[in-house]
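Participant: If you're matching positions, the sequence shown starts at 1196 in our numbering and goes up one per residue. Glycine included, each C-beta is placed from N, C-alpha and C at the ideal position. Quick one: this structure, given as structure tokens, is what I'll be asking you about.
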Amino acid sequence: MRTVGSPATRLANLLGLIKFSHTLFALPFALAAMLVAARGLPSAKVLLGILLCMVGARTAAMAFNRYVDWEIDRQNPRTVERSRLASRAETLALCLAGLAVFGVGLLFLNGLCRLFAPVAIAVVLGYSYAKRFTSLCHAFLGLALALAPLGAWAAVRGELTSVAPYLLAASVLAWTFGFDLIYALQDQEVDRRLGLYSFPARFGTAATLRAARLLHGSAWVGWIAFGLQAGLSGAYWWACAISGVALLYEHRLCRGKDGEKDGRALNMAFFEVNVAVSLLLLLGVVGSLWL
């Protein structure tokens, strides 16, 4: 049965349902691309548009994911409590509200952003179906997050001919692909039972962790290439170095039999470490541009 409470409680439940805090994965990279593209702060209008589009698209994507996976979540012990946070109708309404916020954000941005907006929405919503037909569904999530720096760059420059945003986007794709592989380890048995496709369900734990290490190594190299292409220095390189150590720590958390099965360790590796990585790199960009 769904939990009913005050408006504040219901709002908190909705935000918990879509893991609103996970906006911290992609938003720092959008802001980093924005700052580099503008070589500082863009106009308040562009900044507002980027923030609205980011929050709106991410809210719509996660709400749609919960709506599409409603019955699947109810069969997974890890996610069964989600249906008690809101009704399925409320989840769909939240998705539509997120799309509306995204649309409002586009009003503050240029024609290039509006032109590619349908493609962006198709990707972020389409991810919800990927696990039904491919074990590379984690790459679809990576692609969805990779659109954030591309969109922010386009919002500032009105073009996507520069190399820098693609380097950052490719790094974000590899980084997201890697940490979603780690997160999916928790559900590999359930995915097999329900006939869902995921990399861990198909290839097992050892292959999943090897793939995640390779992807995160590629992401780190990509962040270095982005910094070189963007002409960053100083604080950014410190941020890259610390982020590399953080990624090593993430994989240490998942090493061995205990780490592979311990949900607490996997959640720490998935959320705390990766939020720290994204925020560190944003701070590195800020420091490089202003210090």
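1. Is the Cβ-Cβ distance between L1475 and S1428 less than 8 Å?
2. Which same chain residues, not among the five before or five after A1207, have their C-beta less than 8 Å away from its C-beta?
3. Within 10 angstroms of the Cβ of W1348, are there 16 or more other Cβ atoms? Answer buried if so, exposed if not.
4. Please state the DSSP three-state secondary structure of D1375.
5. Taking only runs that begin and end inside the stretch 1300–1370, name each unbroken alpha helix (DSSP H) of 4 or more residues, in chain order.
6. Which residues in the same chain have their Cβ closer than 7 Å to the Cβ of K1240, if we skip the five residues on either side of it in sequence?
7. Just the Cα atoms here: how many angstroms apart are Y1381 and T1400?
8. Assuming A1490 and G1346 form a contact by the criterion Cβ under 8 Å, report the distance between their Cβ atoms to the nearest whole angstrom.
9. Would you kindly work out how many angstroms separate the C-alpha atoms of L1167 and F1394, rounded to a whole number?
10. Does the beta-carbon of K1452 have 16 or more other beta-carbons within 10 angstroms, so that it is buried, or is it exposed?
11. Roughly how many angstroms lie between the CA atoms of T1356 and R1387, to the nearest whole one?
12. To the nearest angstrom, how far is it from the Cα of M1196 to the Cα of G1298?
13. Whole-angstrom Cβ separation of L1362 and F1311, contact assumed at under 8 Å?
14. Find out if the Cβ-Cβ distance for the pair R1493, R1277 is shorter than 8 Å.
15. For G1417, name the three-state secondary structure that DSSP assigns.
16. Thinking C-beta only, is V1472 closer than 8 Å to L1423?
17. Per DSSP, what kind of secondary structure is D1264 in: helix, strand or coil?
18. Would DSSP call A1240 helix, strand or coil?
19. Between L1222 and M1257, which are expected to be in contact by the criterion C-beta below 8 Å, what is the C-beta distance as a whole number of angstroms?
20. Note down the Cα distance separating A1434 from A1284, rounded to an integer number of angstroms.
21. Which of the three DSSP states is assigned to G1293 in this structure?
22. Consult DSSP for G1412 and reduce its assignment to one of helix, strand or coil.
23. Alpha carbon to alpha carbon, how far is G1390 from V1351?
24. Buried or exposed: where does L1236 fall if 16 or more other Cβ atoms within 10 Å of its Cβ makes it buried?
25. Using the Cα positions of A1369 and Y1431, report the straight-line distance between them to the nearest angstrom.
26. Which same chain residues end up closer than 8 Å to E1467 when comparing Cβ atoms and leaving out the 5 residues on each side of it in sequence?
27. Taking F1372 as the reference, which of V1480, A1406, A1343 has the closest Cα?
Facilitator: Reading off the structure:
1. No. Outside cutoff.
2. Around A1207: no qualifying Cβ.
3. The C-beta of W1348 has 16 or more other C-beta atoms within 10 Å across all chains shown, which makes the residue buried.
4. D1375 falls in the helix class under three-state DSSP.
5. Look at the stretch 1300–1370 and you find these whole runs of alpha helix (DSSP H), each 4 residues long or longer: 1306–1325, 1332–1352.
6. Within the same chain, Cβ atoms closer than 7 Å to the Cβ of K1240 are found at F1303, the five residues on either side in sequence being excluded.
7. The residue you asked about is not Tyr; residue 1381 is Gln in the sequence shown. Near 10 Å, if we compare the C-alpha coordinates of T1400 and Q1381.
8. There is simply no residue 1490 to check, as the chain begins at 1196 and stops at 1486 in what is shown.
9. Residue 1167 cannot be examined here, being either before or after the span of the chain that is shown, 1196 to 1486.
10. Only weak support exists for where K1452 lies, its pLDDT of 44 falling under 50; the value from the coordinates is given anyway. Burial call: exposed.
11. Distance from the CA atom of T1356 to the CA atom of R1387, rounded to whole angstroms, is 43 Å.
12. The predicted model places M1196 with a pLDDT of 48, which falls under 50 and marks its position as unreliable; any figure quoted below should be read in that light. Counting only the Cα atoms, G1298 lies some 33 Å from M1196.
13. F1311 and L1362 do not touch by the CB rule: their CB atoms are close to 19 Å apart, not below 8 Å.
14. Since the displayed the chain opens at 1196 and closes at 1486, residue 1493 lies outside it and no answer follows.
15. Reduced to three states, the DSSP call for G1417 is helix.
16. Not in contact: L1423 and V1472 (Cβ atoms no closer than 8 Å).
17. Coil, per DSSP.
18. The residue asked about is misnamed: residue 1240 is Lys in this sequence, not Ala. Residue state, collapsed to three classes: helix.
19. At roughly 13 Å, the Cβ-Cβ gap does not stay under 8 Å, so L1222 and M1257 are not in contact.
20. Spanning the two alpha carbons is a distance of roughly 43 Å.
21. In the structure shown, G1293 sits in a helix (DSSP, three-state: H, G or I).
22. In the displayed model, G1412 falls within a helix according to three-state DSSP.
23. Going by C-alpha positions, G1390 is about 44 Å away from V1351.
24. Exposed, since its Cβ has fewer than 16 Cβ neighbours within 10 Å.
25. So the alpha carbons of these two residues sit roughly 19 Å apart.
26. Residues of the same chain with their beta carbon placed closer than 8 Å to that of E1467 are lacking, with the five preceding and five following residues left out of the count.
27. Considering only alpha carbons, the answer is A1406.
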